[in-house]
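Protein chains in written order, with my numbering: chain X, 759 to 1098; chain R, 759 to 1098.
Number of protein chains: 2
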Amino acid sequence: MIHNLALAGCGNVGTALLEILNEKRAELSERHGFNFRVTLITDLMKGTVLEPEGLDLEKVLKDLKESNSLDSFPKAQGAFGELLERSRSTMMAEATPTNLKTGEPGLTHIRTALSRGIHVTTTNKGPVSVAFDELTTLAKSCGAKFRYEGVVMSGTPLLQMLQYGMAGCTVQKIEGILNGTTNFILTKMNESGSSYADALDEATSLGYAEADPSGDVEGWDAAGKVSILAKVIFGKNIPVSEVDRQGITCVTPEKIKEASENGYAVKLIAGLNMLNGIPYAYVTPKEIPLSHPLASIKGATNAVSITTDNLGEVTLIGPGAGRRETGQALLVDLIAMCKD
Amino acid sequence: MIHNLALAGCGNVGTALLEILNEKRAELSERHGFNFRVTLITDLMKGTVLEPEGLDLEKVLKDLKESNSLDSFPKAQGAFGELLERSRSTMMAEATPTNLKTGEPGLTHIRTALSRGIHVTTTNKGPVSVAFDELTTLAKSCGAKFRYEGVVMSGTPLLQMLQYGMAGCTVQKIEGILNGTTNFILTKMNESGSSYADALDEATSLGYAEADPSGDVEGWDAAGKVSILAKVIFGKNIPVSEVDRQGITCVTPEKIKEASENGYAVKLIAGLNMLNGIPYAYVTPKEIPLSHPLASIKGATNAVSITTDNLGEVTLIGPGAGRRETGQALLVDLIAMCKD
């Protein structure tokens, strides 16, 4: 069985998905009995290419590698819905840049696809934050599937575990390290005793932190992820602005050293707690006992501990970002949607 | 939608499943749109009770609690297949005691159910170890589903994660702490400096270790789990006898102390490694760097680190045993089989 796949957004993550699909062609057929052919790629910078019989992935990847373009292919024009139809896509992977205010351009892509019954996976936090209810309702009414494993912890299967692997459990509490940049900085401050400013400089020079690091260090990114978890797990709307949020700018090397001497590690913890049926969401630097797995999380790695009635505490540790890791999130959703 | 459920084996785990089903009646309907009614319970000690319209769970649980029996109910007689048919079961949860040599009585229960198209979940390592290929083939040919989340790490969703959450990844290596008893003993030796013999005594008095502890401390239990993982993940037969196995009886407090001073924790590691396409399976005490999450695993907790091409290392930590934790493994499989 061959599924026609549209890719919206061909940056790092979209390209990684194409690479994985190209590498794993034989394995996917053998193991799962189906495969994908990419019939549409659209990207704001690189233009739109379309081939209902399947684009030549080797050639696409050569173009992307050599000139960061799709210039070997004739460009297609048209509204997004029309392109989806001409490409006969039955699934779409959405990996355009995140806009947490409007959700665009991902939101329009996803609406357009779902309303045509095309299954969608996205790694884009924007549409999921802005329009989760609308999109899940639309998917249901159009008989399409909508998945978004990559919006938290990239391909580390946190959402899959919460929604399927722990089905039947009642989640009481979630606490985790959901921002790699701040964990890198705190790890650095702990290991080398460097100041916050020096550790931030190193994170920036290594590409972990952006030129304006406030989204990470003030806890906005982690708060956005907690807000998504509140929706997905508890079905509750907690806008980012209502997350009780404190970043790491006030954490000093002295504080970290003192905590360490007392048997604790300082971590930026994003949490969700059910208090009398009302979820309380927060992001705050917290002292974690060294005996707890979250204290051992180093560098840019992410981790989440989930407390439930049936299982007590379960902890999942894995990458929180990365091009191939996030491409994997798209792939795992595509495989699940083919199997459902 | 109501599913008729048969329960084979009503000991600790089976009873825990009944308790959870009774507690979560409303939640299951509300959240998943289906529910279960238990139409058959059969247990070697407690006899067989049957009611195609659904047994009164409150009354069953009262009986079990007050007299560890099912004596308020008239007993049914007959061959197992006939009982399944009379009870009109469409699903079966199998939780009889484990026999790693013959797989019985679970093996017969599972064969009988699958051959009638009845979906099966089991927490019983016996049948899965002894007849994995036969049972998966039988399930397929009869249009029945066969799941076994609870055979490794109880309800901690390791198998679900490997088979679904990480689909599309190629697993290169698995290393974990899969036996709670030995990890309890090693933790004790590390924290209080006690000898192996003293720590074992404590584990026995707390009910973690059995009267004959060799299954745990010689690494047989962990080897059995590695053998199952080799089958489930790599599709390879590695009999327990071919697992390169060393237990913890030779571990001394001095060795643990020395490792700790050098920044390591001694853990009984069960591993599977792909070497040139051939999986190598082992169980051995190993020094784990304190910076690695596996070093932080205390007491009877289990944990597994999985190394893959697309995600690097992902670690899952959770309970490895417990009546409710293992009952949850049955429940999560039942939910998945209803949704598939």
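For glycine and all other residues, C-beta sits at the position ideal for the given N, C-alpha and C.
Chain-order list of residues whose beta-carbon lies under 6 Å from that of residue i (same chain, five-residue window excluded)
i: ILE1075(R); result: ALA1061
i: ARG1003(X); result: GLY977, ALA981 and VAL1041
i: ASN703(R); result: Nothing can be reported for residue 703(R): it is not among the residues displayed for chain R, which extend from 759 to 1098.
i: GLY772(X); result: LEU765 and ALA853
i: PRO1051(X); result: THR1073
i: GLU1083(R); result: SER912, GLY913 and PRO1077
Cβ of residue i within 8 Å of any chain X Cβ
i: ALA1079(R); result: no
i: SER899(R); result: no
i: GLU1083(R); result: yes
i: LYS1044(R); result: no
i: LYS903(R); result: no
i: LYS782(R); result: yes
Reference residue i; option with closest CA among the options
i: ILE932(X); options: ALA766(X), ALA774(X) and THR1073(X); result: THR1073(X)
i: MET947(X); options: ALA1017(X), LEU896(X), GLY901(X) and TRP978(X); result: ALA1017(X)
i: VAL990(X); options: VAL910(X), ALA871(X) and PRO832(X); result: VAL910(X)
i: GLY965(R); options: LYS1015(R), HIS761(R), GLY913(R) and GLY1057(R); result: GLY1057(R)
i: ALA764(R); options: SER825(R), LEU893(R), LYS898(R) and HIS877(R); result: HIS877(R)
i: THR1010(R); options: GLU824(R), ALA955(R), VAL888(R) and ASP801(R); result: ALA955(R)
i: PRO863(X); options: THR800(X), PRO915(X), GLU949(X) and ILE778(X); result: THR800(X)
i: VAL1001(R); options: SER972(R), LEU872(R), ASP1098(R) and PRO1037(R); result: PRO1037(R)
i: ALA784(R); options: MET1032(X), THR866(X) and THR928(X); result: THR928(X)
i: THR806(R); options: PHE794(R), GLU907(R), GLU781(R) and ALA837(R); result: ALA837(R)
i: LYS883(R); options: VAL998(R), LEU779(R) and ILE1055(R); result: VAL998(R)
i: GLU843(R); options: ARG874(R), GLU907(R) and SER787(R); result: ARG874(R)
i: SER825(X); options: LYS833(X), LEU841(X), LYS804(X) and GLU809(X); result: LYS804(X)
i: CYS1096(X); options: LEU776(X), ASN793(X), LEU775(X) and GLY767(X); result: ASN793(X)
i: TYR922(R); options: GLU907(R), CYS900(R) and ALA902(R); result: GLU907(R)
i: LEU1030(X); options: GLN918(X), LYS994(X), GLN1086(X) and ILE1055(X); result: LYS994(X)
i: CYS900(X); options: PRO855(X), GLY934(X), THR856(X) and THR848(X); result: THR848(X)
i: THR870(R); options: THR860(R), LEU841(R) and LYS859(R); result: LEU841(R)
i: GLU1071(X); options: ILE1055(R), LEU865(R), ASN857(R) and ILE1064(R); result: ILE1055(R)
i: GLU811(X); options: VAL796(X), GLU1045(X) and ASP891(X); result: VAL796(X)
Contacts of residue i in chain R (Cβ-Cβ under 7 Å)
i: ALA851(X); result: Ordered by position in chain R, no residue passes the 7 Å Cβ test against ALA851(X), which lies about 12 Å from the chain.
i: LEU1069(X); result: GLY913, THR914, GLY1076, PRO1077, GLU1083 and GLN1086
i: SER787(X); result: Those do not exist, as SER787(X) stays about 13 Å from chain R at its closest Cβ, beyond 7 Å.
Min CB distance residue i to chain R below 8 Å
i: ILE876(X); result: no
i: ARG795(X); result: no
i: LEU776(X); result: no
i: ALA1094(X); result: yes
i: LYS1056(X); result: yes
i: SER1049(X); result: yes
Contacts around residue i, its chain only, beta-carbon distance under 7 Å, and the 5 residues preceding and following it disregarded
i: LEU1048(R); result: GLY1021, TYR1022 and ALA1023
i: ALA967(X); result: THR939, LEU958, ALA961 and ASP974
i: PHE942(X); result: ALA961, TYR966, GLY1057 and ALA1058
i: PHE904(X); result: LEU872, VAL878, LEU893, THR894 and ALA897
i: ILE996(X); result: SER985, ALA988, PRO1037 and ALA1039
i: ILE868(R); result: GLU852, VAL878, THR880, PRO885 and LEU893
i: SER827(R); result: LYS804 and ASP821
Proximal chain X residues relative to residue i, where beta-carbon distance stays under 7 Å
i: LEU1089(R); result: GLY926
Residues that residue i contacts on chain R, provided the C-beta gap is smaller than 9 Å
i: VAL1072(X); result: GLY913, THR914, PRO915, LEU1074, ILE1075, GLY1076 and PRO1077
Residues of its chain near residue i, where Cβ-Cβ distance is below 8 Å and the 5 sequence neighbours each way are ignored
i: LEU936(X); result: VAL910, MET911, ASP979, ALA980, LYS983, VAL984, ALA1028, ASN1060, VAL1062 and GLY1078
i: ASN780(X); result: LEU815, GLU816 and LEU819
Contact test: residue i Cβ vs the ligand GDP heavy atom, cutoff 7 Å
i: THR1010(X); result: Because no ligand of any kind appears in the structure shown, any question about the ligand GDP cannot be addressed here.
Give, in chain order, every residue of the segment 905-918 of chain X whose Cβ lies closer than 7 Å to some Cβ of chain R.
Those would be GLY913, THR914, PRO915 and GLN918, in chain order.
Interfacial residues, the segment 918-939 of chain X to chain R, with Cβ spacing under 8 Å:
The residues in question are GLN918, MET919, TYR922, GLY923, MET924, ALA925, GLY926, CYS927 and THR928.
The segment 1011-1034 of chain R: positions lying closer than 7 Å to chain X by Cβ
Under the 7 Å Cβ criterion, the segment 1011-1034 of chain R contributes no residue.
Between the segment 975-1006 of chain R and chain X, which residues of the former have a C-beta closer than 9 Å to a C-beta of the latter?
From the segment 975-1006 of chain R, no residue has a Cβ closer than 9 Å to chain X.
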